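Here's the structure, in structure tokens; my notes come after.
Protein chains: 2
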Amino acid sequence: MGKTRKPTGTVEEIEAAFYDALSHADLDSLMNLWADDEEIVCVHPGAPRLVGHAAIRAAWEAIFERGGIHIRPVQTHAVHNMLTVIHHVIEEVQRGPNEPTDVHILATNVYVKTPHGWRMALHHASIAPGAIPDEPFHTPVLH
Amino acid sequence: MGKTRKPTGTVEEIEAAFYDALSHADLDSLMNLWADDEEIVCVHPGAPRLVGHAAIRAAWEAIFERGGIHIRPVQTHAVHNMLTVIHHVIEEVQRGPNEPTDVHILATNVYVKTPHGWRMALHHASIAPGAIPDEPFHTPVLH
């Protein structure tokens, strides 16, 4: 598929490359970030789940026909071990003038360590009510 | 907190215990299934995200005031390594007579291996349109 360079780097760099590929509607770069596993899962807000490379690629291709999506992940919470990083982010989306401001997007991004480096195994995005909160639901970290 | 027995077993057993605790509105058993990490995340359908034990417990407690929830996870897709299991399931919910049948619930359940055994690190549930599909978005597994 993609002829772009295979991505390497930390999970933070892979995640930055993911949102960068979205902003440039760069399908090959985007798909290169995913693990080589047909059980990978992608859920777009309010849409059915997609399993495997072909289904995930086709959905992003359809989205990219309308151009890139400018998203900044904020308020990241992470659980990690040596082989997996679970990021939960709020997606700060650059909105058009007619788009709603009374909802925000929550996303779970899971990365697994593969022989080729860190790769995305799951992206699950969904809509939550209200504007982006100022972390009101966060219990203070005590350690 | 909970005085119930600490859960042990496979990820499949921990997941079964999770949905069993939901069905019995058993808050202590439910919370014992989570990793001892203040970065754990729980997202209920259409609700803001919850981070940490106290916030997650409080939300389930409020839900359980209306009784247990009878959910059967179906169509599980899994990505796993030695330290983490990512389950993506469709939640088949036992509905009341007035509840909608034109949506279904998608859930990401992530389990991490801890010194106490497998524990839940993330539960992200969201609503997708339509009745439960018959895996129409699944690319056939070739290996």
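Chains as they are written, first to last, in this note's numbering: chain A, 1340 to 1482; chain B, 1340 to 1482. Even for Gly, the Cβ is constructed at its ideal location relative to N, Cα and C. Since this is a predicted model, take the numbers as computed values, not measurements.
Within chain B, the residues that residue i reaches when beta carbons sit closer than 9 Å
{"i": "Pro1387(A)", "result": "His1443, Leu1445, Ala1467, Pro1468, Gly1469, Pro1472, Pro1475 and Phe1476"}
{"i": "Val1449(A)", "result": "Val1418, Thr1423, Ile1425, Thr1447, Val1449 and Leu1461"}
{"i": "Ala1374(A)", "result": "Val1418"}
For residue j and residue i, believed in contact at Cβ under 8 Å, the rounded distance
{"i": "Asn1371(A)", "j": "Pro1412(A)", "result": "The pair is not a contact, with the Cβ atoms about 19 Å apart (cut-off 8 Å)."}
{"i": "Glu1354(B)", "j": "Asn1448(B)", "result": "6 Å"}
{"i": "Ala1360(A)", "j": "Glu1378(B)", "result": "The Cβ separation is near 26 Å, so there is no contact."}
Under 7 Å from the C-beta of residue i: neighbouring residues of chain B
{"i": "Thr1440(A)", "result": "By Cβ distance, chain B contributes nothing, its closest Cβ being about 15 Å from Thr1440(A), past 7 Å."}
{"i": "Met1421(A)", "result": "Leu1422"}
{"i": "Glu1378(A)", "result": "His1416, Ala1417 and Val1418"}
{"i": "Val1350(A)", "result": "None at all; the shortest Cβ gap to chain B is about 13 Å."}
Buried versus exposed call for residue i [16 or more other C-beta atoms within 10 Å across all chains shown]
{"i": "Leu1481(B)", "result": "Confidence at Leu1481(B) is low in this model, with a pLDDT of 48, below 50, so its placement is unreliable and the value that follows should be read with caution. With fewer than 16 other Cβ atoms within 10 Å, it is exposed."}
{"i": "Glu1400(B)", "result": "exposed"}
{"i": "Arg1405(A)", "result": "exposed"}
{"i": "Glu1430(B)", "result": "buried"}
{"i": "Met1340(A)", "result": "Note that Met1340(A) has pLDDT 46, beneath the 50 cutoff, so the model's placement of it is unreliable and the number below is only indicative. It counts as exposed."}
{"i": "His1455(A)", "result": "exposed"}
{"i": "Ala1356(B)", "result": "buried"}
{"i": "Gly1391(A)", "result": "buried"}
Short Cβ contact (9 Å threshold) for residue i with residue j
{"i": "Pro1468(B)", "j": "Ala1386(A)", "result": "yes"}
{"i": "Cys1381(B)", "j": "Ala1393(B)", "result": "no"}
{"i": "Ala1364(A)", "j": "Ile1395(A)", "result": "no"}
{"i": "Ser1465(A)", "j": "Ser1465(B)", "result": "yes"}
{"i": "Trp1373(B)", "j": "Arg1458(B)", "result": "yes"}
{"i": "Val1428(A)", "j": "Thr1440(A)", "result": "no"}
Residues that residue i contacts on chain A, provided the C-beta gap is smaller than 8 Å
{"i": "Ile1402(B)", "result": "Here the premise fails: no neighbours, minimum Cβ distance about 15 Å."}
{"i": "Ala1355(B)", "result": "Those do not exist, as Ala1355(B) stays about 20 Å from chain A at its closest Cβ, beyond 8 Å."}
Where residue i meets chain B, residues with beta-carbon distance less than 8 Å
{"i": "Val1432(A)", "result": "Neighbours of Val1432(A) on chain B: none; closest Cβ ~16 Å, over 8 Å."}
{"i": "Val1487(A)", "result": "Here chain A covers residues 1340 to 1482 and nothing more, so residue 1487(A) does not appear."}
Worksheet item: In chain order, which beta strand (DSSP E) runs of at least 3 residues are fully inside the region 1340-1396 of chain B?
Response: 1380-1382 and 1388-1390
What residue ranges within the region 1401-1470 of chain A form continuous alpha helix (DSSP H) runs of no fewer than 4 residues, ordered along the chain?
none
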